[in-house]
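A.B. asks:
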Amino acid sequence: MRRPSVLIIAAAVVAALQIGFLAWTISTRASVLRDGREVVLKVEPIDPRDLLRGDYVTLGYEMSRLRAALFQPPPAADADSSPRSVWVALRKGDDNLFHPVKAAFDRSALTGLAADDVVVRGETSNWPGVGGDVFVQYGLERFYLPEGAGKQIEQDMRQRSFFVVAAVAADGAAQIKAFRDGETTLFEEPYY
Amino acid sequence: MAYLDKLGADVARWQGKGLLSAEQASILVAEARDNHRSGIGIGSVLAILAGLLLAAAILIFIAANWEAIPRLWRVAALFALLAASYLGGALLKLNGQDGFAESAWLVGAATFGGAIALIGQMYHMSGDETQAILVWCLGAAVAAAALRSPALTIAAVVLAMLWGVWPAYSIFRFDAPLGYLPLAAALWAIAMWTRSISARYLILLSLIPYAILLYLQHDNIVLLIALTLVSAGLFAAVILAGDMVEQLIGLGGGLASVALIGVFSGLVALQAVFADTGHFLWLSIVALAASIAALAYGGRLGRGVRWLAYAAFAVEIALIYLQTVGSMLGTAGFFLVAALGLGLLAFFIIRIERRMAVSAQGGS
Chain A
15 MRRPSVLIIA AAVVAALQIG FLAWTISTRA SVLRDGREVV LKVEPIDPRD
65 LLRGDYVTLG YEMSRLRAAL FQPPPAADAD SSPRSVWVAL RKGDDNLFHP
115 VKAAFDRSAL TGLAADDVVV RGETSNWPGV GGDVFVQYGL ERFYLPEGAG
165 KQIEQDMRQR SFFVVAAVAA DGAAQIKAFR DGETTLFEEP YY
Chain B
2 MAYLDKLGAD VARWQGKGLL SAEQASILVA EARDNHRSGI GIGSVLAILA
52 GLLLAAAILI FIAANWEAIP RLWRVAALFA LLAASYLGGA LLKLNGQDGF
102 AESAWLVGAA TFGGAIALIG QMYHMSGDET QAILVWCLGA AVAAAALRSP
152 ALTIAAVVLA MLWGVWPAYS IFRFDAPLGY LPLAAALWAI AMWTRSISAR
202 YLILLSLIPY AILLYLQHDN IVLLIALTLV SAGLFAAVIL AGDMVEQLIG
252 LGGGLASVAL IGVFSGLVAL QAVFADTGHF LWLSIVALAA SIAALAYGGR
302 LGRGVRWLAY AAFAVEIALI YLQTVGSMLG TAGFFLVAAL GLGLLAFFII
352 RIERRMAVSA QGGS
């Protein structure tokens, strides 16, 4: 048998590691919210039948489905479809919303960007889709709602435009900062 | 622990009669205590179930009281629960409450998984679920190694298997993740360290569907042949050099059964692949011969091996029947053949089992 203190220390180290990991994920998100650049994205239903899943709404964006023509260089038709990182340049339009203008599987291939463009990192989920479209997820696809609020919001989302304010860090990681019903901010996320 | 109590009493008696010196007596008892892990008794199982229920209750409470508890408080509660279960388990272990200690550590591992999900939910992080399960598995594995906990080792193996099948379940991607092999090897090493035999059995068994999944993904028949041959080799090794294999792998009598499951999984998969070709017949003959050989050479290894061999024989006969004469006879004919076949099988099983019983008596 081991000495008592060794087991206690081992248990403390295990607890510290697991708590540390969880705290790290929370603080990483907080730093994205604090330091990231703000982009406003229009929510577009990806699967109109089923926006509300349990206690969250599924959110899709214009950048969730990228045309192959946006890619630099264009994706090979016979490419391996396993998930991989993709970098997408967003540019602010006249409507004050951000739209995808360029995409690449290698960040250094994204050239000719304007100073105000924001580069966000995503993960391909299912591609090539219809017509060579590439489906991308950014970690912005779920918004968990308070109990009971889901049904009303789902109904409203079918009738008018909703928006997500996201923060994008320098490394391309994105987090949801606020959820808007038109001009009204429904939920604003605190850092912690 | 009953065995250790009895051994302690016996050793004390032997020492009293002068058969053992005091030093020898203490060495014997210490050796037995180190090597004898009493399997998980019913008390420990109940303790573990109680712990898991407690963890579920706490996590559901935190999840359900979404608005009532401020977010940071919820996080603090999760962290406190993690620290309390790991440290509390260590204290229980030091007080000799092994069952409750394992139970507390399982609560810790379950809380870690629950916390990953709840924090993801609280902060709207829609990350990759498969990756979350891997993190959960690694957390359990590190805890198992640090605390030398057999129960956590099994939990880590189950989570590794869950990680392997999750893409198939959630997004219908039937890929065999290559990372599973190094993960399984690492968990095997942990299972050696924590002396968890069940975890090692689980790992070995999981490799069988893994090989089949790998075949489905790459469509390479060599994988099925390799599964069959490696399993057969393992079975042969147990028969020819049982002691050496036992020293290397240390799994006891069940290893031959696992190997046999591998052999017949591989053979049946091969038969399924070649169902409508000329290869089917000789594969069937090989499989029948294999079941008889397993019985003849491995029957003495135990009931598990014998029943697996009987089952394989019956399945093979059924497969051959369905593939060949099945279409020529009607339903009544099928039942007649099935009745005759089962009767014959029962006759042989009874004879073999009786002979095994007699030879076991003669041997002792």
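Chains as they are written, first to last, in our numbering: chain A, 15 to 206; chain B, 2 to 365.
A virtual CB, placed ideally from N, CA and C, is assigned to each residue, including glycine.
How would you call B/Arg-14, buried or exposed, if buried means at least 16 neighbouring beta carbons within 10 angstroms?
C.D. replies: Position 13 of the second sequence holds residue 14 of chain B. Looking at its Cβ environment, which holds fewer than 16 other Cβ atoms inside 10 Å, B/Arg-14 is exposed.
A.B. asks: Can you tell me where the alpha helix (DSSP H) holding A/Glu-203 begins and where it ends?
C.D. replies: Along the first sequence, one-based indexing puts residue 203 of chain A at 189. Run containing A/Glu-203: none; DSSP gives neither H nor E here.
A.B. asks: Does DSSP put A/Ala-118 in a helix, in a strand, or in coil?
C.D. replies: In the first sequence, the residue the question calls residue 118 of chain A occupies position 104. The answer is strand: DSSP assigns A/Ala-118 an E or B state.
A.B. asks: Would you kindly work out how many angstroms separate the C-alpha atoms of B/Tyr-202 and B/Ile-226, rounded to a whole number?
C.D. replies: Counting from one through the second sequence, the residue named residue 202 of chain B turns up at place 201. Counting from one through the second sequence, the residue named residue 226 of chain B turns up at place 225. Their Cα atoms are separated by approximately 22 Å.
A.B. asks: Three-state secondary structure (DSSP) at B/Ser-365?
C.D. replies: Position 364 of the second sequence, counting from 1, holds the residue named residue 365 of chain B. Unreliable placement is indicated for B/Ser-365, whose pLDDT of 44 sits below 50; the coordinate value is still reported in the next sentence. Reduced to three states, the DSSP call for B/Ser-365 is coil.
A.B. asks: Please state whether DSSP places A/Glu-58 in a helix, a strand or coil.
C.D. replies: Within the first sequence, the letter at position 44 stands for residue 58 of chain A. Coil at A/Glu-58, not helix or strand.
A.B. asks: Per the contact definition of three or more C-beta pairs closer than 8 Å, is the region 247-266 of chain B in contact with the region 191-202 of chain B?
C.D. replies: Taking 8 Å as the limit for Cβ pairs, the verdict is that the region 247-266 of chain B does touch the region 191-202 of chain B.
A.B. asks: With 8 Å set as the bound, which would you pick, yes or no: does the beta-carbon of B/Leu-33 sit closer than that to a beta-carbon of chain A?
C.D. replies: Here residue 33 of chain B refers to the residue found at position 32 of the second sequence. Rather than Leu, the amino acid found at residue 33 of chain B in this sequence is Ala. Cβ-Cβ to chain A under 8 Å: no for B/Ala-33.
A.B. asks: Going by CA-CA distance only, name the one from A/Pro-204, A/Asp-185 and A/Tyr-158 that's closest to A/Leu-73.
C.D. replies: Position 59 of the first sequence holds residue 73 of chain A. Ranking the options by Cα distance to A/Leu-73, first place goes to A/Tyr-158.
A.B. asks: Out of B/Val-159, B/Leu-309 and B/Glu-317, which has the shortest C-alpha to C-alpha gap to B/Ala-111?
C.D. replies: Translated into positions along the second sequence, residue 111 of chain B becomes position 110. It is B/Val-159.
A.B. asks: Short of 8 Å in beta carbon distance, which residues of its chain neighbour A/Ala-128, apart from the five on each side in sequence? Order them along the chain.
C.D. replies: As a working mapping, residue 128 of chain A is identified with position 114 in the first sequence. Excluding positions up to five away in sequence, the list reads Arg-105.
A.B. asks: Going by beta-carbon coordinates alone, are B/Ala-312 and B/Phe-236 separated by less than 8 Å?
C.D. replies: Here residue 312 of chain B refers to the residue found at position 311 of the second sequence. Here residue 236 of chain B refers to the residue found at position 235 of the second sequence. Not a contact, by the Cβ cut-off of 8 Å.
A.B. asks: Measure the alpha-carbon distance for B/Trp-283 versus B/Ala-319 and round it to whole angstroms.
C.D. replies: Reading the second sequence from its first residue, position 282 is the one you call residue 283 of chain B. Reading the second sequence from its first residue, position 318 is the one you call residue 319 of chain B. Approximately 15 Å between the Cα atoms of the pair.
A.B. asks: Using a 10 Å radius around the Cβ and a threshold of 16 neighbouring Cβ atoms, would you call B/Ser-103 buried or exposed?
C.D. replies: The residue you call residue 103 of chain B lines up with position 102 of the second sequence. Inspection of the sequence shows that residue 103 of chain B is occupied by Glu rather than by Ser. B/Glu-103 should be labelled buried.
A.B. asks: B/Ser-127 CB to nearest chain A CB: under 8 Å?
C.D. replies: Here residue 127 of chain B corresponds to residue number 126 of the second sequence, with the count starting at 1. B/Ser-127 counts as touching chain A.
A.B. asks: Is the CB of A/Gly-164 under 8 Å away from at least one CB in chain B?
C.D. replies: For the purposes of this step, residue 164 of chain A is taken as residue 150 along the first sequence, with counting starting at 1. With 8 Å as the cut-off, A/Gly-164 does not count as an interface residue toward chain B.
A.B. asks: In the DSSP assignment, find the alpha helix (DSSP H) that holds B/Leu-179 and state where it starts and stops.
C.D. replies: Counting from one through the second sequence, the residue named residue 179 of chain B turns up at place 178. No alpha helix (DSSP H) contains B/Leu-179, which DSSP labels as neither H nor E.
A.B. asks: Give me the residue from A/Ala-163, A/Gln-173 and A/Phe-193 with the minimum Cα distance to A/Asp-69.
C.D. replies: Against the first sequence, residue 69 of chain A aligns to sequence position 55. Nearest C-alpha to A/Asp-69: A/Ala-163.
A.B. asks: Excluding the 5 residues preceding and the 5 following A/Val-182 in the sequence, name in chain order all residues of the same chain whose CB lies nearer than 7 Å to its CB.
C.D. replies: The count along the first sequence starts at 1 and reaches residue 182 of chain A at position 168. Counting only Cβ-Cβ distances below 7 Å, and skipping sequence neighbours, we find Gly-50, Arg-51, Val-53, Val-132, Val-134 and Ala-188.
A.B. asks: With a threshold of 7 Å on Cβ separation, who are the neighbours of B/Leu-82 within its own chain once the five nearest residues in sequence on each side are excluded?
C.D. replies: The count along the second sequence starts at 1 and reaches residue 82 of chain B at position 81. Cβ within range, chain order: Ile-59 and Thr-112.
A.B. asks: Alpha carbons only, please: which of A/Ala-37, A/Ala-25, A/Pro-114 and A/Ser-139 is nearest the one belonging to B/Tyr-124?
C.D. replies: In the second sequence, the residue the question calls residue 124 of chain B occupies position 123. Answer by Cα proximity: A/Ala-37.
A.B. asks: Nearest to B/Glu-247 by alpha carbon, out of B/Ala-291, B/Met-193, B/Ile-28 and B/Ile-213?
C.D. replies: On the second sequence, position 246 is the one that residue 247 of chain B refers to. That would be B/Met-193, whose Cα lies nearest to the Cα of B/Glu-247.
A.B. asks: Using a Cβ cut-off of 9 Å, which residues of the region 70-89 of chain B contact any Cβ in chain A, in chain order?
C.D. replies: Cβ contacts with chain A: Arg-72, Leu-73, Val-76, Leu-79, Phe-80, Leu-83, Ala-84, Ala-85, Ser-86, Tyr-87, Leu-88 and Gly-89.
A.B. asks: Going by DSSP, name the residue or residues bridged to A/Gly-136.
C.D. replies: In the first sequence, counting from the first residue as 1, residue 136 of chain A sits at position 122. DSSP lists A/Val-100 as partners of A/Gly-136.
A.B. asks: Distance check for B/Ile-321 and B/Thr-5, CA to CA, integer angstroms please.
C.D. replies: Mapped onto the second sequence, residue 5 of chain B falls at position 4. Mapped onto the second sequence, residue 321 of chain B falls at position 320. For the record, residue 5 of chain B in the displayed sequence is Leu; it is not Thr. Taking the straight line from one Cα to the other gives about 52 Å.
A.B. asks: For the alpha helix (DSSP H) holding A/Ile-22, just list the boundary residues, first then last.
C.D. replies: Stepping through the first sequence from its first residue, residue 22 of chain A is reached at position 8. From DSSP, the alpha helix (DSSP H) with A/Ile-22 extends over 18-49.
A.B. asks: Identify, in the order they occur along the chain, each residue of the same chain with its Cβ nearer than 7 Å to the Cβ of A/Val-88, setting aside the five sequence neighbours on each side.
C.D. replies: Along the first sequence, read from residue 1 onward, the residue named residue 88 of chain A stands at position 74. Note that residue 88 of chain A is Pro in the sequence shown, not Val. The answer, listed in chain order, is Ala-82.
A.B. asks: Using three-state DSSP, classify A/Leu-181 as helix, strand or coil.
C.D. replies: Locating residue 181 of chain A in the first sequence gives position 167, counting from the first residue. The question names Leu, but residue 181 of chain A in the sequence shown is Ala. Looking at A/Ala-181 - three-state DSSP - the assignment turns out to be strand.
A.B. asks: Please name the residue in B/Ala-133, B/Ala-69 and B/Gln-122 whose C-alpha comes closest to that of A/Glu-203.
C.D. replies: As a first step, residue 203 of chain A is located in the first sequence; it is residue number 189 there, counting from the start. The residue with the shortest Cα to Cα distance from A/Glu-203 is B/Gln-122.
A.B. asks: How would you label B/Arg-356, buried or exposed, when you count the other beta carbons within 10 angstroms and need 16 or more for buried?
C.D. replies: For the purposes of this step, residue 356 of chain B is taken as residue 355 along the second sequence, with counting starting at 1. B/Arg-356 is exposed by the Cβ-count criterion.
A.B. asks: Would you list the residues sitting across from B/Ile-49 in a DSSP beta bridge?
C.D. replies: As a first step, residue 49 of chain B is located in the second sequence; it is residue number 48 there, counting from the start. B/Ile-49 pairs with nothing; no bridge assigned.
A.B. asks: Mapping the DSSP letters down to three states, classify B/Arg-72 as helix, strand or coil.
C.D. replies: In the second sequence, the residue the question calls residue 72 of chain B occupies position 71. Three-state DSSP puts B/Arg-72 in a helix.
A.B. asks: Starting from B/Val-306, follow its DSSP beta bridges and name the residues at the other end.
C.D. replies: On the second sequence, residue 306 of chain B is found 305 positions in, with the first residue counted as 1. B/Val-306 pairs with nothing; no bridge assigned.
A.B. asks: Would you kindly work out how many angstroms separate the C-alpha atoms of A/Phe-176 and A/Lys-191, rounded to a whole number?
C.D. replies: Mapped onto the first sequence, residue 176 of chain A falls at position 162. Mapped onto the first sequence, residue 191 of chain A falls at position 177. Taking the straight line joining both Cα atoms gives about 14 Å.
A.B. asks: Restricting to Cα atoms, I'd like to know which of B/Pro-168, B/Phe-265, B/Leu-341 and B/Glu-32 is closest to B/Leu-230.
C.D. replies: Walking along the second sequence from the start, residue 230 of chain B turns up at place 229. It is B/Phe-265 whose Cα lies nearest to the Cα of B/Leu-230.
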